[in-house]
Amino acid sequence: MTKQNEALSYCGIYCGSCKNYKQNMNCMGCRYEESMVDDCPTRACAIKRGLVHCGECDEFPCDVLKEFYEDGVCLHKQAFEDMKHIREIGVDAWLIEQEKSRKT
17 MTKQNEALSY CGIYCGSCKN YKQNMNCMGC RYEESMVDDC PTRACAIKRG
67 LVHCGECDEF PCDVLKEFYE DGVCLHKQAF EDMKHIREIG VDAWLIEQEK
117 SRKT
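Using my numbering, the first residue of the sequence shown is number 17, and each one after it goes up by one.
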């Protein structure tokens, strides 16, 4: 995995637009931040399956992700849209788009 891919969470959230992640204040992203996300079923499943992100899974979106994406949190809904887009254009192209469009 490239350093650039670290800004993508397993579920599709773009960490690169988060102040806490960008400034390494209290979050290193779910790929390396174990204590903050140790109860995340998405992370555990993706790691177990050896996936870079959940969009690589044949079962995408699984019931766990559907519940997450449909829980009423705007960021989670956006993660679903982003994950579908990643599946269409690939993670590298998507990350480039994010860097250009979500600079904060």
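Cβ coordinates follow ideal geometry from the N, Cα and C atoms, glycine included.
For residue i, does the count of other Cβ atoms within 10 angstroms reach 16, so buried, or fall short, so exposed?
| i | result |
| --- | --- |
| residue 91 | exposed |
| residue 48 | exposed |
Quick check: residue i and residue j, are their CB atoms within less than 9 Å of each other?
| i | j | result |
| --- | --- | --- |
| residue 45 | residue 27 | no |
| residue 25 | residue 65 | no |
| residue 34 | residue 43 | yes |
| residue 74 | residue 29 | no |
| residue 89 | residue 61 | no |
| residue 115 | residue 105 | no |
Going by beta carbon distance, what residues of the same chain come within less than 7 Å of residue i, once the five residues before and after it are set aside?
| i | result |
| --- | --- |
| residue 85 | 77, 92, 93, 95 and 96 |
How is the alpha helix (DSSP H) around residue i delimited, first residue to last?
| i | result |
| --- | --- |
| residue 80 | 79-85 |
| residue 59 | 57-65 |
| residue 95 | 90-105 |
Could you name the residues of the same chain whose beta carbon sits closer than 6 Å to that of residue i, not counting the 5 residues immediately before and after it, in chain order?
| i | result |
| --- | --- |
| residue 23 | 31 and 32 |
| residue 141 | Because residue 141 is not part of the residues shown, which for the chain are 17 to 120, the question remains open. |
For residue i, is the beta carbon positioned less than 8 Å from some heavy atom of the ligand NAP?
| i | result |
| --- | --- |
| residue 35 | No copy of the ligand NAP appears in this structure; indeed no ligand is present at all. |
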